[in-house]
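First the structure, in the form of structure tokens, and then the observations on it.
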Amino acid sequence: MTCTSQFNVNHSVSGGLRTRGIHKTSTENTPLISIVTVVFNGADLIENTIKSIISQSYSNVEFIIIDGGSSDGTLDILNRYNDAIDFWISEKDKGIYDAMNKGVKYCSDGSWIIILGSDDELLDISVVIDEIKANSDCINIISDVIQHDIKTKVKRYYKCWIPNDRKYKDFLKFPLHHQGFFTKNKNIIHYFQPELGVHADLLFMYQSLARGKTVKINEPIAMYNTGGTSDLYSFKNIQSIFKVARELKINIFLCVIHAPFVFIKMLLKSIVSRKMVIWLRNLFSRYAYVR
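Okay, so the sequence shown: first residue is 1 according to the UniProt record's numbering, each after it adds one.
Below, the structure written as structure tokens:
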């Protein structure tokens, strides 16, 4: 069942190859890559993400899109690529991590899951396929990523790494990014916890690491824009990090000791966050009025 952007957002609508009985499977020689993208009113960006996925030279890829009930033309784009998307659904959700949980549950058994944002770009994944074939006992694959500053247009290489066994040593340095993290859809018992806030993906990745062997690839697999949710709300950013640390039983004070400059930078961002600027402006305007 497909639709256009003119629909009742209170109802669920879906489309893609699966709705026509076309399903994909994962084998030893052709591992299935499951790409989950969540979107809400992302008509101006999501097409570039779609193109980066369907242009891959490796064909055993399933693409799952979870839409939160868009009304800006996003669904027109999904319909346009209906024969290239394996499954998409549009319905109200409880936020980005609720939508991600839906997407993960739609992934085929035994596939390799990666979460891409609706403005992310997937690069060549052939090196990932090679590593999966060479490491049959592997559960996770970590790659590097490219950060694209949407304001300056500057692209920066970000080197990810497998976290230290003593997690507090590099927890605040963000060794993991979900755009460069593949995990096998096998015996997954932990999902995203929306109540943790903007960094709930960190907990998901750390819990996935505990499931088994992890391999690191020294190449970028995806590019993402900086200036997203976790950048805009810096105070919530810090709160979320503390919550994730508590879930992982990481001593946040040891984290600060091992990465003091990182924490200070986060704190400064919080101080000059948009909400703080508005609060200060209102405060000084009231003071000027009183005088």
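By construction, the Cβ of each residue, glycine as well, lies at the ideal position given by its N, Cα and C atoms.
Residue i - DSSP class collapsed to helix/strand/coil
{"i": "P260", "result": "helix"}
{"i": "F192", "result": "coil"}
{"i": "G228", "result": "With a pLDDT of 49 at G228, under the threshold of 50, the modelled position of that residue is not reliable, and no figure is offered here."}
{"i": "V13", "result": "strand"}
{"i": "Y157", "result": "strand"}
{"i": "Y233", "result": "For Y233, the predicted structure reports a pLDDT of 47, less than 50, and the residue's modelled location is therefore unreliable. The matter cannot be settled from this model."}
{"i": "S132", "result": "Correcting the residue type first, residue 132 is Ile in the shown sequence and not Ser. Three-state result, I132: helix."}
{"i": "V36", "result": "strand"}
{"i": "D165", "result": "coil"}
{"i": "I115", "result": "strand"}
{"i": "H148", "result": "strand"}
{"i": "residue 309", "result": "The structure shown has nothing for residue 309, since the chain only spans 1 to 291."}
{"i": "I213", "result": "Rather than Ile, the amino acid found at residue 213 in this sequence is Lys. Correct three-state label for K213: strand."}
{"i": "A245", "result": "helix"}
{"i": "K269", "result": "helix"}
{"i": "residue 375", "result": "The structure shown does not extend to residue 375, since the chain spans only 1 to 291, so no value can be given for it."}
{"i": "residue 315", "result": "Only positions 1 to 291 of the chain appear in the structure, and residue 315 is not among them; the question remains open."}
{"i": "T19", "result": "helix"}
{"i": "L122", "result": "strand"}
{"i": "S240", "result": "helix"}
{"i": "I54", "result": "helix"}
{"i": "S143", "result": "strand"}
{"i": "K173", "result": "helix"}
{"i": "V290", "result": "With a pLDDT of 44 at V290, under the threshold of 50, the predicted position of this residue should be treated as unreliable, and no value is reported."}
Proximity to residue i [Cα-Cα], best of the options
{"i": "F174", "options": "T49, I53, T37 and M266", "result": "M266"}
{"i": "D86", "options": "G16, A43 and I146", "result": "G16"}
{"i": "W88", "options": "I217, I50 and Q56", "result": "I50"}
{"i": "W161", "options": "V145, F192 and T152", "result": "V145"}
{"i": "G110", "options": "R20, E195, T183 and G197", "result": "T183"}
{"i": "L196", "options": "L248, L75, S34 and I264", "result": "L248"}
{"i": "H23", "options": "E62, V39 and N29", "result": "E62"}
{"i": "I189", "options": "P220, M205 and H199", "result": "M205"}
{"i": "G212", "options": "I141, V256, L123 and H148", "result": "I141"}
{"i": "Q56", "options": "I129, I115 and T226", "result": "I129"}
{"i": "S38", "options": "S71, G95, T30 and I132", "result": "In the sequence as displayed, the identity of residue 38 is Val instead of Ser. For the residues S71, G95, T30 and I132, the minimum Cα distance to V38 belongs to G95."}
{"i": "A84", "options": "R18, D137 and L32", "result": "R18"}
{"i": "A200", "options": "I252, K243 and L268", "result": "K243"}
{"i": "K133", "options": "L202, R246 and V215", "result": "V215"}
{"i": "R156", "options": "D170, P194 and Y224", "result": "Y224"}
{"i": "P31", "options": "I250, L268, N135 and G21", "result": "N135"}
{"i": "D165", "options": "I150, T27 and A210", "result": "A210"}
{"i": "A43", "options": "K151, L254, R80 and K269", "result": "R80"}
{"i": "M100", "options": "K269, H178 and C255", "result": "H178"}
{"i": "residue 296", "options": "F263, S12 and L202", "result": "Nothing can be reported for residue 296, as the shown portion of the chain is limited to 1 through 291."}
{"i": "S12", "options": "I150, G21 and I66", "result": "I66"}
Within 8 angstroms, strictly: CB atoms of residue i and residue j
{"i": "V36", "j": "I139", "result": "no"}
{"i": "G117", "j": "I64", "result": "no"}
{"i": "S143", "j": "G180", "result": "yes"}
{"i": "G68", "j": "K92", "result": "yes"}
{"i": "G222", "j": "D119", "result": "In the sequence under discussion, the amino acid at residue 222 is Ala, which differs from the Gly named in the question. Going by C-beta atoms, A222 is not nearer than 8 angstroms to D119."}
{"i": "P220", "j": "L123", "result": "yes"}
{"i": "V198", "j": "K167", "result": "no"}
{"i": "I238", "j": "A245", "result": "no"}
{"i": "E131", "j": "I33", "result": "no"}
{"i": "S70", "j": "N41", "result": "yes"}
{"i": "H258", "j": "K169", "result": "yes"}
{"i": "I77", "j": "I46", "result": "yes"}
Expected contact under 8 angstroms - CB spacing of residue i and residue j to nearest Å
{"i": "L176", "j": "P163", "result": "7 angstroms"}
{"i": "L75", "j": "S90", "result": "6 angstroms"}
{"i": "S108", "j": "N187", "result": "About 15 angstroms; that fails the 8 angstroms criterion."}
{"i": "Q147", "j": "T226", "result": "5 angstroms"}
{"i": "Y97", "j": "F192", "result": "4 angstroms"}
Legend entry - Whole runs of the alpha helix (DSSP H) within the segment 62-112, excluding any shorter than 4 residues: 74-80 and 96-106
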